[in-house]
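All remarks here apply to the structure that follows.
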Amino acid sequence: MDAWTGHDVPTLPGEALAPRLYDSARREIAATAPGSTATMYVCGITPYDATHLGHAATMISFDLVNRLWRDAGHAVNYVQNVTDIDDPLLERAARDGEDWVVLAMRETALFREDMEALRIIPPAHYVGAVESIPAIVGHVGELLAAGAAYTLEDGTGDVYYSIAAAPRFGYESNLSRDEMRVLSAERGGDPDREGKRDPLDPLLWRGAREGEPAWDGGDLGPGRPGWHIECTTIAIDRLGTTIDVQGGGNDLLYPHHECSAAHAETLTGEAPFASHYVHAGMIGLEGEKMSKSKGNLVFVSRLRGDGVDPMAVRLGLLNGHYRSDREWTDDVLKAGQERLARWRSAAAAPAGPSGEGLLAAVREALGNDLDSPAALAVVDAWAEAALSNVGEDDQAPALMARTVDALLGVRL
Ligand code: 5CA
Ligand code: ZN
77 MDAWTGHDVP TLPGEALAPR LYDSARREIA ATAPGSTATM YVCGITPYDA
127 THLGHAATMI SFDLVNRLWR DAGHAVNYVQ NVTDIDDPLL ERAARDGEDW
177 VVLAMRETAL FREDMEALRI IPPAHYVGAV ESIPAIVGHV GELLAAGAAY
227 TLEDGTGDVY YSIAAAPRFG YESNLSRDEM RVLSAERGGD PDREGKRDPL
277 DPLLWRGARE GEPAWDGGDL GPGRPGWHIE CTTIAIDRLG TTIDVQGGGN
327 DLLYPHHECS AAHAETLTGE APFASHYVHA GMIGLEGEKM SKSKGNLVFV
377 SRLRGDGVDP MAVRLGLLNG HYRSDREWTD DVLKAGQERL ARWRSAAAAP
427 AGPSGEGLLA AVREALGNDL DSPAALAVVD AWAEAALSNV GEDDQAPALM
477 ARTVDALLGV RL
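Take 77 as the starting number for the sequence shown in this note's numbering and just add one per residue.
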């Protein structure tokens, strides 16, 4: 499917290194070491409701990774999916008496608008689950042929991946089996289903059910894809056998990213699937994770409709570190709006402290596991000085505006 439209990203003088990022598998911050083209897969939306501030925060986090790699001279092959068939979509459509295809198309269109307004660099490939079904069917067939998958013997036609085929299963999330079992039940898995070889085995292909959409699965029979294999297939088809970054919110640490990595590693014979598994913190509202199922959402589109500048939303979210679970409040938005106004005034000042110094300090902060609070503090200090007529670099205001545009995605 089509992504959204991008904006020009200014180029910056001098040289930068590829960012250091926290890898959930190794549990440490380590340098990214991409080739001439860096590769990143980020788990995108399940389009049954509008983009909320949590989705926005996660997309902004990986947009920073994209921008830092570009600044370091790498091309970036960035892929994002749309889970345009899954249980929550069908449940919402049934609840509202709506056609699930129309619901998915509408919410995906709104997401694109929100991403464009937030100046997120679009992915090179924006790929839906439905359009990937033939490729997914091929991969499930390969896993069956390799003895890494099995069909349940209860007549449903459901196919499961056998985690026994993944010798390192658990390396990505670093969780105990008991913890995995609990999370699996909470996040779409079915550890208690009878007939599975291991309670943690994830679904690859769901045989057709009365009243549910189904696609031709060839030898698998009609049905629809499981969730983790969707992301595996889209990633390896568009990016290759191994990638630099697998990204998403920290709600995907287990089972989603553990299982998609296991599928990929069985299919390709190469490990680890991703050099870095990078997880953004959850944005909450009044103490609870913002989620469609809880209904405690602040929508990007609603803020846009209220006339809020998307750049203030971006600055509000960047004021917290991407890995920390944090709250969205009216004060967060207000602080973003005030900062945006201050930065705009400062960019219009006749001069300020060294622009090169500012650029180097912003690069250093962001390169250190995307330390956006530190980067914002650097720009704040520069702006305060420029507004107090401190500093004589008359090229600095223009370079400051280019720097925050290119690296933070904030257009002044
Ligand atoms: N379609 C799947 C991924 S393949 C999915 O998780 N969809 S989603 O719509 O629930 O979330 C889309 C992206 O936003 C995912 O990367 C998810 O981890 C992230 N996300 C969801 N809720 C939040 C939140 N409250 N805060 C931060 N990120 C979130
Ligand atoms: Zn995913």
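Think of the CB as a built atom: it goes at the ideal place given N, C-alpha and C, for glycine as much as any other residue. Because the structure is a prediction, the values reported are computed rather than measured.
Check, Outcome
"Rounded to a whole number of angstroms, what is the C-alpha to C-alpha distance between Asn326 and Ala193?", "24 Å"
"Is it the case that the region 165-185 contacts the region 218-227, given that we only count it when at least three CB pairs across the two stretches are under 8 Å?", "no"
"Are Gln156 and Tyr98 touching if we call contact CB-CB under 8 Å?", "no"
"Which parts of the region 255-315 are runs of the beta strand (DSSP E), unbroken and 3 residues or longer, counting only runs that do not cross its ends?", "279-283, 299-301"
"By the three-class DSSP mapping on this structure, what secondary structure does Val374 have?", "coil"
"Between the Cα of Arg102 and those of His355, Asp456, Pro426, spot the shortest distance and give me the residue it belongs to.", "His355"
"Would you kindly report the start and end of the unbroken beta strand (DSSP E) that includes Val384?", "Val384 -> no beta strand (DSSP E), and no H or E assigned at all."
"In angstroms, rounded to a whole number, what distance separates the CA positions of Gly363 and Val374?", "14 Å"
"Beta carbon of Met358, beta carbon of Asp401: below 8 Å?", "yes"
"Can you check the region 92-163 for any beta strand (DSSP E) of at least 3 residues that lies completely inside it and give the ranges in chain order?", "96-99, 104-107, 113-118, 151-158"
"Hey, would you say the C-beta of Gly324 is under 7 Å away from at least one heavy atom of the ligand ZN?", "yes"
"Going along the chain, which residues of its own chain have a beta-carbon closer than 6 Å to the beta-carbon of Gly412, five neighbours each way excluded?", "Ala388, Leu391, Gly392"
"What three-state label does DSSP hand Thr342 in the structure shown?", "helix"
"Which of helix, strand or coil does DSSP assign to His215?", "helix"
"Whose CB is closer than 5 Å to a heavy atom of the ligand ZN? List the residues in chain order.", "Cys119, Cys307"
"Taking C-beta to C-beta, are Met181 and Trp80 nearer than 8 Å?", "no"
"Identify which residue in Arg146, Ile196, Gly264, Glu104 has its Cα closest to the Cα of Met135.", "Ile196"
"Check whether the Cβ of Ser260 sits closer than 7 Å to any heavy atom of the ligand 5CA, and report yes or no.", "no"
"Compute the minimum distance between the beta carbon of Ile359 and the heavy atoms of the ligand 5CA, and state whether it is under 7 Å.", "yes"
"To which residues of the same chain is Leu315 closer than 7 Å at the C-beta, ignoring the five residues directly before and after it?", "Thr115, Tyr117, Asn153, Val155"
"Indicate the three-state DSSP secondary structure (helix, strand or coil) for Ser421 in the structure shown.", "helix"
"Below 8 Å on the Cβ atoms is my guess for Arg273 versus Pro289; work out the distance and round it to an integer in Å.", "That belief does not hold up - the Cβ atoms of Arg273 and Pro289 are roughly 28 Å apart, past 8 Å."
"Return the CA-CA distance between Asp230 and Arg269, expressed in angstroms with no decimal places.", "11 Å"
"Within the present structure, is the beta-carbon of Ala515 separated from the nearest heavy atom of the ligand 5CA by less than 7 Å?", "There is simply no residue 515 to check, as the chain begins at 77 and stops at 488 in what is shown."
"Quick one: using the 10 Å Cβ neighbour count with 16 as the cut-off for buried, is Ala474 buried or exposed?", "exposed"
"Where does His83 fall in DSSP's three states?", "coil"
"I'd like the span of the beta strand (DSSP E) that includes Gly431, first residue to last.", "Unbroken run through Gly431 is the alpha helix (DSSP H), 431-443; no beta strand (DSSP E)."
"Nearest to Val466 by alpha carbon, out of Ala441, Arg478, Gly428, Arg439?", "Gly428"
"Would the beta-carbon of Glu189 fall within 8 Å of that of Ser249?", "no"
"Buried or exposed: which applies to Ala437, given that a residue is buried once 16 or more other Cβ atoms fall within 10 Å of its Cβ?", "buried"
"Let me check understanding here. Comparing Cα to Cα, which of Asp313, Phe349, Thr342, Ser260 lies closest to Leu328?", "Ser260"
"On the premise that Ser336 lies in contact with His304, defined as a C-beta separation below 8 Å, what is that separation, rounded to the nearest angstrom?", "4 Å"
"For Gly149 and Glu183, I'd like the C-alpha separation in whole angstroms.", "34 Å"
"Cβ of Lys370 versus every heavy atom of the ligand SAM: is any distance shorter than 7 Å?", "By its list of ligands, the structure shown excludes the ligand SAM, since it contains just the ligand 5CA and the ligand ZN."
"Pull the bridge partners of Ile359 from the DSSP assignment, please.", "Arg402"
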